[in-house]
Amino acid sequence: MSPLPLIWKLKRLLNIGSEKKLKEAIRVVDNMVMEMLGQRRTEMAMTMTSLNKSDLLSRFMGSIEDDN
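Take any residue in the sequence shown, count from 1 to its spot, add 47: that is its number in our numbering.
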């Protein structure tokens with residue numbers, strides 16, 4: 048085994064360096080996505096016209112509702 052995989056695994060285990068930055072960045076993105084989904088759910092619950100939007104998120108959420 049080369050030393051490189053051991054280094055990043057150790058960094059991930061100890062939550063240091065680039066692995067710490069990556070974990071923080073993922074948390075920021077997750078929070079933003081959850082906020083956007085919550086806003087869109089609220090918007091869709093308030094008005095059915097939002098189902099006719101042509102943006103990607105509306106289409107995706109509409110397809111999920113169709114599957115249920």
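Don't be surprised by glycine CBs; every beta carbon is placed ideally from N, CA and C.
Computed from a prediction, not measured in an experiment: that's the story for all the values here.
query: Asn94 - DSSP class collapsed to helix/strand/coil; result: According to the sequence as given, residue 94 is Thr; it is not Asn. Looking at Thr94 - three-state DSSP - the assignment turns out to be coil, as it is neither helix nor strand.
query: Under 8 Å between C-beta atoms of Met91 and Met108; result: yes
query: Arg87 vs Leu104 beta-carbon contact at 8 Å; result: yes
query: Alpha carbon of Leu60 to alpha carbon of Gly85, nearest angstrom; result: 32 Å
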